[in-house]
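**Student:** Note that this note's numbering numbers the sequence shown so that position 60 is 60, with each residue one more than the last.
Heads up, the beta-carbon is just placed ideally off N, CA and C, and yes, glycines get one too.
Provided herewith is a single structure, encoded as structure tokens, for subsequent inquiry.
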Amino acid sequence: MASGSYPGRVGVDLVDVAEFRAEFMSREDVLTTMFTERESAYCRASADPAQSFAARWAAKEGVVKAFGTGWVDEIDYTDIEIVNDENGAPQIVIRGGASDFCERNGVKRLEVSLSHLPNLAISMVSICCC
């Protein structure tokens with residue numbers, strides 16, 4: 001795809017918090033592969049760390065769905081980081097392979113919205129080339 005020709009897209013993901021908790025919360029080796037230190041610190045400080053981790057995982061999944069690539073070898077889980085701005089709104093920080101993808105395809109902005117209930121976490125990610 002030529003630079004600048006990538007259309008704006010949306011990626012949505014829904015995570016079952018109970019499944020995430022059962023599968024990953026006791027697996028520190030997996031969590032450190034999936035999340036940056038900054039993400040982990042934020043999630044562990046929350047009232048329900050599994051819920052926070054699940055929401056961030058949903059956002060990472062939403063990004064690669066919006067890219068239209070899914071998880072590919074050149075994008076590591078930690079290339080996509082979900083942080084909060086000074087008002088608490090989630091923001092996407094990209095680096096590595098995710099940043100390279102954006103540069104190659106003219107992606108200028110990534111926006112994310114997160115929401116969660118005790119057992120569900122959802123994200124919606126939009127990418128814009130304008």
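What residue range does the beta strand (DSSP E) around residue 125 cover?
**Tutor:** As a working mapping, residue 125 is identified with position 125 in the sequence shown. From DSSP, the beta strand (DSSP E) with residue 125 extends over 120-128.
**Student:** Please go through the same chain and pick out, in chain order, the residues whose beta-carbon is closer than 6 angstroms to the beta-carbon of residue 75, but skip the five residues on each side of it.
**Tutor:** Sequence index remark: in the sequence shown, residue 75 carries index 75 (1-based). Closer than 6 angstroms at Cβ, skipping near neighbours: 97, 98.
**Student:** Just to confirm my understanding: we take residue 116, look at its own chain, exclude 5 residues before and 5 after, and list those with CB closer than 6 angstroms. What are they?
**Tutor:** If you number the sequence shown from 1, residue 116 lands on position 116. Closer than 6 angstroms at Cβ, skipping near neighbours: 51, 55.
**Student:** Give every residue of the same chain whose Cβ lies closer than 6 angstroms to the Cβ of residue 2, excluding the five residues on either side of it in the sequence, and list them in chain order.
**Tutor:** Start at 1 with the first residue of the sequence shown, and residue 2 comes out as number 2. Below a pLDDT of 50, predicted positions are generally treated as unreliable, and residue 2, at 43, falls in that range; no measurement from the model is reported.
**Student:** Can you have a look at residue 118 and say buried or exposed, based on whether 16 or more other CB atoms are within 10 angstroms of its CB?
**Tutor:** Translated into positions along the sequence shown, residue 118 becomes position 118. Label assigned to residue 118: exposed.
**Student:** Any idea what DSSP makes of residue 96, helix, strand or coil?
**Tutor:** Translated into positions along the sequence shown, residue 96 becomes position 96. Helix.
**Student:** How should residue 46 be labelled, buried or exposed, when 16 other C-beta atoms within 10 angstroms of its C-beta is the threshold for buried?
**Tutor:** The sequence position of residue 46 within the sequence shown is 46, counting from 1. Per the 10 Å Cβ criterion, exposed.
**Student:** With a threshold of 7 angstroms, establish whether the CB of residue 107 neighbours any heavy atom of the ligand ZN.
**Tutor:** Only the bare structure without any ligand can be found here, which leaves the ligand ZN out of the picture.
**Student:** Using the three-state DSSP reduction, which class does residue 39 fall into: helix, strand or coil?
**Tutor:** For the purposes of this step, residue 39 is taken as the residue at position 39 of the sequence shown. Here residue 39 sits in helix by DSSP.
**Student:** Would residue 130 be called buried (16 or more neighbouring beta carbons within 10 Å of its own) or exposed?
**Tutor:** For the purposes of this step, residue 130 is taken as the residue at position 130 of the sequence shown. That one is exposed.
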